[in-house]
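Here the protein sequences come in this chain order: Y and W.
Counting in the working numbering, the first sequence runs from 86 upward without gaps.
Counting in the working numbering, the second sequence runs from 475 upward without gaps.
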Amino acid sequence: MRNKTVIYALLLGLALGAPLASASLDATAVQAAISAAEDARKQAASVNGEWRDTAKKIKEAKKMLAEGYLAKAMDLATVAEREGELGYRQMMAQQEFEMPAFIKH
Amino acid sequence: MSKKILIAAALAVAVGLPAGAMATPEEDRIQFRNHFQDRFSEVPLEEYPNGVYAIDPVGRENWEAIEEFPPYEPFIDTGRDMWEKPFANGKTYADCFPDGPGIAHKYPHWDKDKGMVMTLPLALNNCREANSEEPLKYKKGPINDLLSYIAFESRGEVTNVVVPEDDPRALAAYEDGKKFYYTRRGQLNFSCAHCHVQNGGLVLRTETLSPSLGHTTHFPVYRSKWGTVGTLHRRFTGCNKQVRAKPFEAHGEEYRNLEYFLTYMSNGLELNGPGARK
């Protein structure tokens, strides 16, 4: 009985487009994730490896947080942080210049 | 092992370069050109300034029809007016560029005093600022008129970028541009060379990828997709964004050095701007 109520509540929440805050997700945790994403983005930028949409995702995460959509904000911040890390690693892996093999002569 | 070889090897280690990575710009250029001449063995060298139309016969037919009434012509006319119209202080561009307006082949060049690559748009804005005029935006707008006129007046000149040997910073700038060109970037993890060297001729969505050789001869370019004329650095920006990398500042150091390398690769090819592209 109780489970059913939870499911109905969830469905209703989805239908209304309301934030699906899980018990452990509070604004402080989301804020920390956004800061971590911003740091990762800056680190990628410091080696010219920033990706196109990372800053946009961080901006959007801040907006979602401000509007109370914690889960959505968390998702965006997590993806943005990952992008920052990957952009940084991408550049670090190419520090040593190597002529690609497809230029043969 | 002879002493000479030992010293050379020690030097290579000290400088931190793997053996073989020390190609000169001229060696790079010959290798680059050979790559394309091998890949498109039926395309004569002097066709490369025509971009994708050197290798895409269908696109070429459309392009030839477009060139009969060139869409960039009005921009040339407006640019001529800009060139001739005095600044508020009574001076003109000709005071900064006494050899003008046909000066496109003198850029980009190494500016020893400033210790940087000087590009034509940057030099034009330096001229404006020296005459108390606002600088022009680098990607869209009136700079394209002025550049169209200068490009038109420079037709027939030959690309001839020099990396002076008496200033190691020039070679460093060239190497920096070269590294940029071959570095994978963005979420899609592509370098410029992946699209324009390795895959020139392949179709990406609706566009055939142009070979990189000749990429700099015809700017600014009228692109039907843009509905107007745009600069080389606008193009760089677009290509960086395509691979979902954050683009760099137009005429900032990264793109200036990239232009230096890329234009050097086209040394010996004729200037034919402004151009028209799909």
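In this text, a Cβ means the ideal position worked out from N, Cα and C, and glycines have one as well.
Cβ separation of W/Lys699 and W/Lys614, assumed to be a contact under 8 Å, to the nearest whole Å: No, W/Lys699 and W/Lys614 are not in contact; Cβ-Cβ is about 13 Å, not under 8 Å.
Within 8 Å, strictly: CB atoms of W/Leu732 and W/Tyr612: Cβ distance not < 8 Å, so W/Leu732 and W/Tyr612 don't count as in contact.
Spatial neighbours of W/Ile624 in its chain, beta-carbon cut-off 6 Å, leaving aside the 5 residues before and after: Pro575 and Ala578
DSSP three-state assignment for Y/Thr113, whether helix, strand or coil: Helix at Y/Thr113.
Start-to-end residues for the alpha helix (DSSP H) that takes in W/Asp619: Ile617 to Glu627
The segment 497 to 509 of chain W / the segment 715 to 726 of chain W touching (three or more Cβ pairs under 8 Å): no
Against chain Y: residues of the segment 711 to 732 of chain W by CB proximity under 7 Å: Hits within the stretch, in order: Lys715, Arg718, Ala719, Lys720 and Glu728.
W/Ala646 at chain Y interface by Cβ criterion, 8 Å: no
Where Y/Lys189 meets chain W, residues with beta-carbon distance less than 9 Å: Annotation: Cβ neighbours of Y/Lys189 in chain W (cutoff 9 Å, chain order): Gln505, Asn508, His509 and Asp512.
Inter-stretch contact at 8 Å, needing at least 3 Cβ pairs: the segment 578 to 595 of chain W / the segment 508 to 528 of chain W: no
is_contact[Y/Glu170, chain W] using C-beta, thresh 8 Å: no
8 Å Cβ cutoff, W/Asn663 in contact with chain Y: yes
Proximity winner among W/Val677, W/Val703 and W/Arg602, relative to W/Pro544 (alpha-carbon distances): When only C-alpha atoms are compared, the closest one is W/Val703.
Whole-number beta carbon distance between W/Tyr734 and W/Val632, since they are thought to touch under 8 Å: The Cβ separation is near 17 Å, so there is no contact.
Given 8 Å, three or more beta-carbon pairs between the segment 163 to 176 of chain Y and the segment 128 to 137 of chain Y: yes
Whole-angstrom distance between W/Ala604 and W/Lys565, CA atom to CA atom: 10 Å
Residue burial classification, W/Gly525 (beta-carbon count within 10 angstroms, cutoff 16): buried
Chain Y residues whose Cβ lies nearer than 9 Å to that of W/Tyr546: Those within 9 Å of W/Tyr546 in chain Y number zero; the least Cβ separation is about 29 Å.
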